[in-house]
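S.K.: Counting from 1 along the sequence shown, just add 650 to a position and that's the residue number in my numbering.
All C-beta atoms, glycine included, are put in the ideal place defined by N, C-alpha and C.
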Amino acid sequence: MSSHTHPSILHTPNPHTIFPVNAVVAVRPPTDALRRLPGHQRRLTELGSADGPFLLQQGSPQTMSPILRLIIAAALTLSVRSGSLQAQNTGVPKSLSLPGGRTSLTLDLTDQDYQLILYSALRDESDTTRTYNFTVAGSFATKPVVDLISKSVQETHDHHSLLRHEEAELATRFRETGVPPATKRAIPFQVGSTRTFVFESFGNVSTLNVTATLAASNSRAEAWIDNNTSAITTAEAQAQIDQFTNSTYPIVTGVFGEPSDVDSDGKVLFLYTELVDQVGDVAGFYRSKSLFSTQDGGDGNVADMMYIGLDHSDTFFESLLAHEFQHLINYNQHVRVRNGPSETAPINEAMSHIAEDLVNQHTQGGNPSNIRTYTSNPSIYSILAESAHDSGVRGTAYTFARSMMESFGDDIPTQLVQTSLSGIANVEDVSGQTFEQVYETYLARMFLAGSGLNSSYEFTYPFFTDPTTGGRSLPVPDERAINPDVLTATGSVKAYAAASIRLMGTGVSSFDITTDISGEFRGILIPLPRGFQHNVALKPDYFAGYTFDAPITGNYTTGEATRFTGSTTLTENNRILFRFDPVVAGLDTVEFSADIVNGQFALSVLFSHDRAGDYEMSIFSGLQGESLPFVGRVPTVHVAPGSGTVDLPSDFFSGIQLDNTVSTEVSAGDAVRLSGTISNASISKVSFEFTHLVTGEQVATFMETGSGSFETVFVFTPEQTGSYILKVYAGQAGNSLPLLGEFRGFTVTEGSGEILIPVDFFKGLTLQTGMPTDIASGRAINLSGTVTDSDIEVLIFRFTSDQGDEIQYQIEADQGSFQKGAIFRPSQAGTYKLDVFGGPSGGSLPHQGDFSPIVVTASDGPHFLPIDAFSGMTLDEPLLTELFSSGSLRLSGTLANTTVTQIAVRLDSVDGSVRQAEFGDVSSGQFDVTVPTSGMAIGDYTIVVFTGQAGQSLSSLDSVGPVSVVSSQPRASLATSLVAFGSIDVEDTDQQSLTIQNVGSQTLTVAASVSGSAFSTPTSAVTVAAGSSSSITIVFTPSTDGGSTGTLTLSTNDPTRPTIALDLVGTGAATAPPPVPVLTLSATTLSFPSTEIGTSATLTVSLQNTGNADLSLSALSVDGPFSATADATIAPAEGTITIEVVFNPVAAGDFTGTLSVTTNAGDDPTQITLAASATSSPPPPADATLLGDIDGNKTVDFSDFLSFAGAFGTSSGDAGYLALADLDDSGSVDFSDFLTFASLFGKSV
């Protein structure tokens, strides 16, 4: 091996160090030592590691007694004989044979699943494209069949197979004729020399002569550039071959051996020509025919050359040159040096991809892409494929070779290349195992590596395990599942290609496997924890051109954010997107995106709780606003269900830093506050847009980002419940705003309580209280608060109905404060949008925000204007909105401006007619003005108020309307629609008075009636004069416990409210029963042991008080040869009295008696039966028994062992179960019983 090292391949000294076979210990050998073991001995060592705990617990076989060793051997033999597939340990693979093409499995799926891997072990298939079918059927209820292999592969031009076929033909020819000797080049070429090369027909290119110029040269390589290309400069070519000579050449030759030198110049030749790019799906190639003259079957170039295309990035050439150079060495070592056959295409390509690893070009060479292709559809990519042009074949060949290196040492590439063998024979020779053994280890390792299920080195595969997280660093081969919902899986595989099936279910289930006999199927079965998912952690540089700061996870949990940060060498890209496509129906595609700034990106992935499931993750990156090119894919990622609230992190959206995390589940009526800062100074506008996933309804807001910050508040109404997608846009005001990011799964649930507009909902102002969004007519609306924008001097609150009608309130802001009360009339019921405008007086008023919907409903009863309905004025009392034609309007209160000396009030008809104003004096702000309404026409009017100085022109203060002039009539007014009683004892009585006010101009009559058995009224009728009030009494007398309801109905002569119904509610509480003691005996019979005359026996009985009052013992008596005493006479609640009863016989015989106790827990004494027997001598001892003496001969001997061994492994209910062998009474004869039996063996009573 060369002294050059590389992180991808660890060089270990002395790979053939032999460990003694008897070195069986429970601790695994160190990694470096274990890697040096030959494969068969490594497995012995690991077997010792796996089984070591048993041997260590019992001692080594050399120190065990002969009989104990015999027992262990017999027990283990019986265990193996009686075991089944269910007895496998989790994560330990088991090989399956399928004689006759079929087999059946009976598995216990109670608490685990199984991974079944099927492959065709057909070695001599001449047609490597042929497939072999299989069916796996579970014994569940009838369900449809699912096709296991549903993916297709795109056909590609198989140009590389032509090259490998040529290599094989030439190798066969030379094995018969001998390899032509190297020739000496007559005159060495100098830089600037020209030469003609033959480019023999290949792919889309016909045979051509290529005239090229030697552009660069050094001690190991020459760079010839096609004269017809200008895609590479002399300096670039020189740099590439210098890197090749200084780095690639010594590393690759140090591992694989020396290259050919057919022209004896000690150099290899690279021909750079765009013809390579025209071949199709080829970046470069090595052609063995170039080594030979036309007479020897070659193309006549007679050069150790490689053909290099030019349609690649600069970073790709290092891996390309190393890759093709290995092909040249491989052919030389197999054919020219050893006169053997050329290597098979898959293994040859695997060695070239390992060469890329050696020069630190794992990603650039496309190995991750090859692995992704293979793992996405493993059953169609054969390790024995005739051609390795397909990316998936390269993926399986490469991972197979890496697996061999893990098993047999890092010199495997050297051994596979420096040999006269090829293909299967080559693998078996270097491994010392059958090809099937090596392949099955590979298949099991491909599933188990990075799983954490099996710590055995044979299956940990460090190359596939992330050293930081211990997770899976490359994709797991694709699988399908059989479960009670999917009965049968069918599919096909190629020779030495595999399919994986997850077997799932409940309880003991059977599976039938049927395969094409000609396919010579074999299988592997691996027990798994139920619902097991790999912890995927792909390498940070897994995707070409992108380097993540941490491994790329494939496991997520709903509600838990995962942060991805990293960089890209594609600095022109400014956008990256992660897309998760569900692998089964029922889930939506989920996307997460972020900006790339100066080559750096940061992106958060967060799933809502309804997004749990399996997805395929794809990454795209490119330019914002354009279609993003595909970067790569993770075939399967798992999103596990989480719990708790789901909060958006403060840095979730690219370019925005939120001030706080944001809950993604809110209730209708809850305020959703979004505020933060913008990192991009050019952004002047931000929009948050919520789109309902079912209705498509949008709730959105646009915000200016003054000083780089923003703030907004959302409120969802009950009509807007459901799931939303939240999208955030940001950009320049006046332009289309680019998308910054989105979150799918924002949920609005039904809330409780009243929906209020938050006090800080509108820009530039703070309301005094939250504004209701569901308003009954007559309910006062408080349009009051303070302005936070000093430029706001005037505010307008405009309510616009769905029909376009407007109700507008203009309010002056005085010293930063504003105040106004308002109501809706019944005629104004409807749905409204509220817009708020604010700005300087006399100027345009900017929009400060809007809210919808606001729903106004019509309600009964007289309505009153609130005392602050007029700006700059406070009324003494609410003002009735109805004025009676025989009465007047009285307006009294206090003006805010105390310098005013006169006020005028006028009623203007809504039809435009104006009436004479009524004037009044104002003193210290106090005023009282009466406007007669007698003779006024019935209709709606506006109250207009003017104020100023007496004797001068008065200015308009405010106007409020409409108010209505109606004919003279009574009007009933009540302060409530509910009479609520509290909780009172059953049969008790409570009463309340209901006040009825007559705000009309005529006498009001009211008749009262009550429904509901618990309610009544002594007031059947009342008469109320105009302007007066009266009361009605309601009585509540519950007869049962629990809630009671009723209705108070008032019949009136009010033409607007002829019937008024009020709800009555109350609760009756049951009277608590008096406390009482409750007697509970610990025993009703006392049976004494046999007692010798002259001795005594004592037993006790407890009187337990399970009641809630003291228990008193008033009398205690006993008959027969017994006596009794109590330790107390009072037992409090939950207390105990203990009575001691003594049997003191004076004669032999059987005796009975009665213990009687009298307490306050019952009228009759409570009795306990006593029974005893007396003897004149001690009773005989019981027969002695010995645990493990199964045959009852009072010795634990070999006869007992045979009985024990026959029952070993059985459980209660099994045919062979023997209770006497179940020494710990656990219900099964297991290893615990065996240890006890072994310790008793040979003992006697």
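#1: If you check the beta carbons only, do Leu1515 and Val1610 fall under 8 Å apart?
#2: Please confirm if the stretch 1688-1705 is in contact with the stretch 1572-1591, defined as three or more CB-CB distances below 8 Å between the two stretches.
#3: By the DSSP assignment, the beta strand (DSSP E) with Asp1578 in it spans what residues?
#4: Taking one C-beta from the stretch 1751-1765 and one from the stretch 1777-1791 each time, how about it: are there three or more such pairs within less than 8 Å?
#5: So, with DSSP's three-state summary, where would you put Tyr899?
#6: On the three-state DSSP scale, how would you describe Ala1353?
#7: Output the residue ranges of the alpha helix (DSSP H) runs that lie fully inside the stretch 1103-1179 and measure 4 residues or longer, sorted by chain position.
#8: Note down, in chain order, each residue of its chain lying with its Cβ closer than 6 Å to the Cβ of Gln1817, except the 5 sequence neighbours on either side.
#9: Roughly how many whole angstroms lie between the Cα atoms of Ile1461 and Thr1706?
#10: Does the distance from the C-beta atom of Thr1592 to that of Asp1561 stay below 8 Å?
#11: So Thr1669 is in the beta strand (DSSP E); what residue range does that whole segment cover?
#12: Is Met1586 helix, strand or coil when you go by DSSP?
#13: Excluding the five sequence neighbours on either side, which residues of its own chain have a C-beta within less than 6 Å of the C-beta of Asn1223, listed in chain order?
#14: Looking only at its chain, what residues have a beta carbon closer than 7 Å to the beta carbon of Gln765, apart from the 5 residues adjacent to it on each side?
#15: Looking at C-alpha atoms only, which residue of Tyr769, Phe966 and Ala1472 is the closest neighbour of Ser747?
#16: Nearest CA to the CA of Gly1650: which residue from Val1572, Phe1534 and Ser776?
#17: With a CB to CB cut of under 7 Å and the five nearest residues on each side skipped, what residues in its chain are close to Gly1696?
#18: Could you say which of Ser969, Ile997 and Arg845 lies nearest to Val952 if we only look at CA atoms?
#19: In whole angstroms, what is the alpha-carbon distance linking Glu598 and Ala972?
#20: Alpha carbon to alpha carbon, how far is Ser992 from Ser1217? Give it in angstroms, no decimals.
#21: By the 10 Å Cβ neighbour count, where 16 or more other Cβ atoms means buried, how is Ala871 classified, buried or exposed?
#22: Is the number of C-beta pairs between the stretch 1377-1384 and the stretch 1453-1468 that are closer than 8 Å three or more?
#23: Please report how far the alpha carbon of Phe1228 lies from the alpha carbon of Gln928, in whole angstroms.
#24: Counting beta carbon pairs with one atom in the stretch 1349-1360 and one in the stretch 1291-1305, are three or more of them shorter than 8 Å?
#25: Are there 16 or more other CB atoms within 10 angstroms of the CB of Ile1174, so buried, or fewer, so exposed?
#26: For Thr1775, which residues of its own chain have a beta-carbon under 6 Å away from its beta-carbon, when the five flanking residues on both sides are left out?
#27: May I ask which residues mark the beginning and end of the alpha helix (DSSP H) holding Asn998?
#28: Quick one: grab the DSSP three-state call for Asp1500.
#29: Residue range of the alpha helix (DSSP H) that Gln888 falls in?
#30: Could you tell me which residues DSSP puts in a beta bridge with Asp1379?
#31: Can you tell me where the beta strand (DSSP E) with Tyr782 in it begins and where it stops?
#32: Val1240 and Arg1225 - do their beta-carbons sit closer together than 8 Å?
#33: Are the stretch 1302-1314 and the stretch 1322-1329 in contact at 8 Å, needing three or more beta carbon pairs?
#34: Compute the distance between the beta-carbons of Ala1139 and Thr1207, then report whether it is under 8 Å.
#35: Report buried or exposed for Glu1170, applying the criterion of at least 16 other Cβ atoms within 10 angstroms of its Cβ.
#36: Could you spell out where the beta strand (DSSP E) holding Gly1073 opens and where it closes?
M.R.: Here's the rundown:
#1: Contact flag set, yes.
#2: No: fewer than three Cβ pairs fall under 8 Å.
#3: Gln1576 to Pro1582 is the extent of the beta strand (DSSP E) around Asp1578.
#4: At 8 Å Cβ cutoff, the stretches touch.
#5: When DSSP states are grouped into helix, strand and coil, Tyr899 belongs to the helix group.
#6: According to the sequence displayed, residue 1353 carries Met and not Ala. Looking at Met1353 - three-state DSSP - the assignment turns out to be strand.
#7: Runs found: 1107-1110.
#8: Correct list, in chain order: Thr1804 and Ser1806.
#9: Their backbone Cα atoms lie some 33 Å apart in a straight line.
#10: Contact: no.
#11: No beta strand (DSSP E) contains Thr1669, which DSSP labels as neither H nor E.
#12: In this structure, Met1586 counts as coil in the three-state DSSP scheme.
#13: Here the set comprises Ile1246, Ser1271 and Gly1272.
#14: For Gln765, where only same-chain residues beyond five positions count, the Cβ hits under 7 Å are Phe1097, Ser1150, Arg1152, Ile1176 and Leu1178.
#15: It is Tyr769 whose Cα lies nearest to the Cα of Ser747.
#16: The shortest CA-to-CA distance from Gly1650 to any of Val1572, Phe1534 and Ser776 is the one to Phe1534.
#17: Apart from the 5 residues on each side of it in sequence, Gly1696 sits with its Cβ closer than 7 Å to the Cβ of Val1660, Ser1661, Gly1662, Ala1664, Phe1665 and Leu1714 in its chain, given in chain order.
#18: Per the C-alpha coordinates, the member of Ser969, Ile997 and Arg845 positioned closest to Val952 is Arg845.
#19: Summary: the structure shown does not reach residue 598, with the chain confined to residues 651 through 1895, and so no result is reported for it.
#20: Going from the Cα of Ser1217 to the Cα of Ser992 covers about 42 Å.
#21: The residue is buried, with at least 16 neighbouring Cβ atoms inside 10 Å.
#22: Judged by Cβ distances under 8 Å, the stretch 1377-1384 makes no contact with the stretch 1453-1468, as fewer than three pairs qualify.
#23: Taking the straight line joining both Cα atoms gives about 34 Å.
#24: The answer is no - the stretch 1349-1360 does not touch the stretch 1291-1305, with fewer than three Cβ pairs under 8 Å.
#25: Buried, by the Cβ-count rule.
#26: Glu1790, listed in sequence order.
#27: Ala995 to Leu1008 is the extent of the alpha helix (DSSP H) around Asn998.
#28: Annotated three-state conformation of Asp1500 is strand, per DSSP.
#29: In the DSSP assignment, Gln888 falls within the unbroken alpha helix (DSSP H) covering Thr884 to Gln893.
#30: Reading off the sequence, residue 1379 comes out as Tyr, not Asp. Answer by DSSP bridge pairing, in chain order: Ser1337 and Leu1389.
#31: Counting along the chain, the beta strand (DSSP E) containing Tyr782 begins and ends at Thr781 to Gly788.
#32: No, these two residues do not count as a Cβ contact at 8 Å.
#33: These segments touch.
#34: Contact flag unset, no.
#35: That one is buried.
#36: Following the DSSP letters along the chain, one finds Gly1073 in no beta strand (DSSP E) but inside the alpha helix (DSSP H) bounded by residues Gly1073 to Ser1081.
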